[in-house]
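These protein sequences, in sequence, are chains A and B. Position in the first sequence (from 1) plus 48 gives the number in my numbering. Position in the second sequence (from 1) plus 184 gives the number in my numbering. By construction, the Cβ of each residue, glycine as well, lies at the ideal position given by its N, Cα and C atoms. As the structure is a computational prediction, the values presented were derived from the model and not from experiment. Before any comments, here is the structure.
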Amino acid sequence: MLRLINFLYNYRAFFTFLSLEIFCAWLWVENSQYQNTQFFNSSNRIAAGIMGAAQRTREYLSLRDVNRELSIENAQLRTLVERLNSGEMPVLIADSLTRFDFIGAKVINNSVAQFKNHITINRGTDEGLQPGMAVISTSGVVGKVKSVSEHFAVVTSLLNTDEQVSSVLKRTGSFGTSQWDGIDPLFVKLHYIPRHVRPEVGDSVVTSGYNAVFPEGILIGVISKVDLKEEAQFFDIQLALAQDFRRLSYVKVVRSMLKNEIDSLESHAQR
Amino acid sequence: MNRSGIFVFVYFVLYMLAQVMLLKQLILFNTAFCFVYVAFILMLPIETNPLVLMLAGFLMGFSIDVFYDSLGLHAMSLILVSYLRNYWLTTITPQGGYDAGQGPTLAVNGLQWFMVYALPLVFLHHFILFFAEAGGFGIFWYTMLKVIASLTFTMTVILLLQYFSFERRR
Numbered sequence: 049m050l051r052l053i054n055f056l057y058n059y060r061a062f063f064t065f066l067s068l069e070i071f072c073a074w075l076w077v078e079n080s081q082y083q084n085t086q087f088f089n090s091s092n093r094i095a096a097g098i099m100g101a102a103q104r105t106r107e108y109l110s111l112r113d114v115n116r117e118l119s120i121e122n123a124q125l126r127t128l129v130e131r132l133n134s135g136e137m138p139v140l141i142a143d144s145l146t147r148f149d150f151i152g153a154k155v156i157n158n159s160v161a162q163f164k165n166h167i168t169i170n171r172g173t174d175e176g177l178q179p180g181m182a183v184i185s186t187s188g189v190v191g192k193v194k195s196v197s198e199h200f201a202v203v204t205s206l207l208n209t210d211e212q213v214s215s216v217l218k219r220t221g222s223f224g225t226s227q228w229d230g231i232d233p234l235f236v237k238l239h240y241i242p243r244h245v246r247p248e249v250g251d252s253v254v255t256s257g258y259n260a261v262f263p264e265g266i267l268i269g270v271i272s273k274v275d276l277k278e279e280a281q282f283f284d285i286q287l288a289l290a291q292d293f294r295r296l297s298y299v300k301v302v303r304s305m306l307k308n309e310i311d312s313l314e315s316h317a318q319r
Numbered sequence: 185m186n187r188s189g190i191f192v193f194v195y196f197v198l199y200m201l202a203q204v205m206l207l208k209q210l211i212l213f214n215t216a217f218c219f220v221y222v223a224f225i226l227m228l229p230i231e232t233n234p235l236v237l238m239l240a241g242f243l244m245g246f247s248i249d250v251f252y253d254s255l256g257l258h259a260m261s262l263i264l265v266s267y268l269r270n271y272w273l274t275t276i277t278p279q280g281g282y283d284a285g286q287g288p289t290l291a292v293n294g295l296q297w298f299m300v301y302a303l304p305l306v307f308l309h310h311f312i313l314f315f316a317e318a319g320g321f322g323i324f325w326y327t328m329l330k331v332i333a334s335l336t337f338t339m340t341v342i343l344l345l346q347y348f349s350f351e352r353r354r
């Protein structure tokens, strides 16, 4: 026993090193896998406060882009209202309005150059945010809420190699999965489009209704490259993202009214 | 807390704030990152206890992780650097040994020694960091490009800081 203690004591630096490394590796694996409401990320008050201060000074540089985006969206919404008033649009819109509720939020921290990018936004549990909610922008899909504090939330960006979004090729109606390959922040890959489909450059790809998170039909991107290898089962498709993530300043969090209902129904059915 | 302890604490805060407020946004060509906070561990006095070093490395890495939303990643890389630092210092002891109470700085030991000291440790840090983040060797060459580009960027900034403090002292 004494010899064991002596041994441990003599190599205490190494054992401390080993246990710290194992602890950190565990944190890292755990952190990239689950959605949770943890404290140690950029949604905590101190970190978000410091980054918010840095963001406020940078904000002025992007005002021109923000203004342009907002005026474009305004025009689109006006057109929509006009069409609704004239009775052109069916009741479908009213239906999706009750299913989803939108919360506007400002981006206070964003990155595109890492392999696992996250976005911090300035809305939290006090506005009803929960892990797992979808985040979209004026142009398209942004990501999923990962963890929430009282006033801030961390969003897993679509530019995160772990993030997968169930997608559908709008023209042909075939389903696939969009996932980032970690290299170019302007493009993502679309997987699992089978051989018999004929995708073409310029086709738009939107979110599918096969999940309770994203509303159906939110634009992800436009096909920019199609490739089919000799023996491959699926196409290699590259999408040009609808949202330029380098210029993200305002986003909307989607609160799905029916998410709990769908989830509990599905878990009952699986049992 | 003694005088040098307060200095170490001030450096800790300065390196961390510089990293998360300034350098986090400063990414060149979408590949070159500057992780200057490694210099905090590299610059601690030569006779620092390895356990203290590792604790400092853990605290620094962990704080950086909170801001980068990558819990464990930076801490993991920095603890490895803090563990190996003292062994590496012993291996590359210059003729006549180190002067007592001196830091392992460029001003004391010269540019050539400093490069031999800092370059492998910073490389190791970046290597572990980027490959752990990529989740393996799946996109090897692109990850390697990031490692090399960031190594160049970080080392440039560390050297500039060294010359800066060097000039001031003389």
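Item: Does chain B have any CB closer than 8 Å to the CB of Thr85(A)?; Value: In this predicted model, Thr85(A) has a pLDDT of only 49, less than 50, meaning its place in the structure is not dependable; the value taken from the coordinates is given anyway. So no, Thr85(A) is outside the interface.
Item: Quick one: does Arg326(B) have its CB under 8 Å from some CB of chain A?; Value: The sequence shown places Tyr at residue 326(B), not Arg. Yes, its Cβ sits closer than 8 Å to a Cβ of chain A.
Item: Residues of chain A with CB under 7 Å from Ile230(B), in chain order?; Value: Those within 7 Å of Ile230(B) in chain A number zero; the least Cβ separation is about 16 Å.
Item: To the nearest angstrom, how far is it from the Cα of Val202(A) to the Cα of Ser195(A)?; Value: 5 Å
Item: With DSSP as the reference, label Thr85(A) as helix, strand or coil.; Value: Reliability fails at Thr85(A), whose pLDDT of 49 lies under 50, so the model's placement of it is uncertain and the value that follows must be treated cautiously. Coil at Thr85(A), not helix or strand.
Item: Do Asn92(A) and Lys164(A) have their CB atoms nearer than 8 Å?; Value: no
Item: Have a look at Arg319(A) and Phe217(B) and give me their C-alpha separation to the nearest angstrom.; Value: 48 Å
Item: Taking the continuous alpha helix (DSSP H) assigned at Tyr298(A), which residues delimit it?; Value: Per DSSP, Tyr298(A) belongs to no alpha helix (DSSP H); it is in the beta strand (DSSP E), Tyr298 to Ser304.
Item: Excluding five sequence neighbours on each side, which residues of the same chain lie with their C-beta closer than 6 Å to the C-beta of Leu237(B)?; Value: Ser266
Item: Leaving aside the five residues before and after Tyr132(B) along the sequence, list all residues of the same chain whose C-beta is less than 8 Å from its C-beta, in chain order.; Value: Outside the shown range of chain B, which is 185 to 354, sits residue 132(B), and nothing can be said about it.
Item: Would you tell me roughly how many angstroms separate the C-alpha atoms of Thr85(A) and Gly224(A), rounded to the nearest one?; Value: In this prediction, Thr85(A) scores a pLDDT of 49, lower than 50, which makes its location untrustworthy; no coordinate-derived value is stated.
Item: What are the residues that DSSP puts in a beta bridge with Leu212(B)?; Value: Ala216(B)
Item: Return the chain-ordered list of same chain residues with a C-beta closer than 6 Å to the C-beta of Glu175(A), the five sequence neighbours on each side being excluded.; Value: Ile151
Item: Closer than 8 Å between beta carbons: that is the criterion. Which residues of the region 251 to 284 of chain B meet it against chain A?; Value: Phe251, Tyr252, Asp253, Ser254, Leu255, Gly256, Leu257, Ala259, Met260, Ile263, Leu264 and Tyr267
Item: According to the neighbour-count rule (16 or more other Cβ atoms, all chains shown, within 10 Å of its Cβ), is Trp228(A) buried or exposed?; Value: buried
Item: Listed in chain order, which residues of the region 201 to 219 of chain A have Cβ atoms closer than 8 Å to some Cβ of chain B?; Value: Val202 and Thr209
Item: How about Pro304(B): is its C-beta nearer than 8 Å to some C-beta of chain A?; Value: no
Item: Whole angstroms is fine: what's the gap from Ile169(A)'s alpha carbon to Leu206(B)'s?; Value: 19 Å
Item: May I ask you to list, following chain order, the residues of the region 258 to 288 of chain A that have a beta carbon less than 8 Å from some beta carbon of chain B?; Value: none
Item: Verify the CB distance criterion: does Met185(B) have a CB-CB separation below 8 Å to chain A?; Value: Note that Met185(B) scores 49 on pLDDT, short of 50, meaning its location in the model is unreliable and no value can be drawn from it.
Item: Just to confirm, is the Cβ distance from Val253(A) to Lys218(A) under 8 Å?; Value: yes
Item: If the cut is a Cβ gap below 9 Å, which residues of chain B does Pro233(A) touch?; Value: Asn214
Item: What is the DSSP secondary structure of His309(B), counted as helix, strand or coil?; Value: helix
Item: Taking the straight line between their C-alpha atoms, what separation do you get for Asp292(A) and Leu313(B)?; Value: 26 Å
Item: Go ahead and label Thr255(A) buried or exposed: buried means 16 or more other beta carbons lie within 10 angstroms of its beta carbon, across all protein chains shown.; Value: buried
Item: Distance check for His166(A) and Tyr252(B), CA to CA, integer angstroms please.; Value: 8 Å
Item: Can a CB atom of chain B be found closer than 8 Å to the CB of Gln162(A)?; Value: yes
Item: Alpha carbon to alpha carbon, how far is Glu78(A) from Leu68(A)? Give it in angstroms, no decimals.; Value: 15 Å
Item: Please report the residue range of the alpha helix (DSSP H) in which Asn92(A) lies.; Value: Premise fails: Asn92(A) is in no alpha helix (DSSP H) and is neither H nor E.
Item: Are there 16 or more other CB atoms within 10 angstroms of the CB of Trp76(A), so buried, or fewer, so exposed?; Value: buried
Item: Short of 9 Å Cβ to Cβ, which residues in the region 287 to 314 of chain B face chain A?; Value: Phe314
Item: What does DSSP give as the partner residues of Asn157(A) in its beta bridges?; Value: Thr168(A)
Item: In angstroms with no decimal places, state the Cα-to-Cα distance between Tyr326(B) and His199(A).; Value: 37 Å
Item: 8 Å is my cut-off, CB to CB: does Gly319(B) come that close to chain A?; Value: yes
Item: If distances are taken between C-alpha atoms only, which option among Ser312(A), Lys277(A), Val155(A) and Arg51(A) comes closest to Ala101(A)?; Value: Val155(A)
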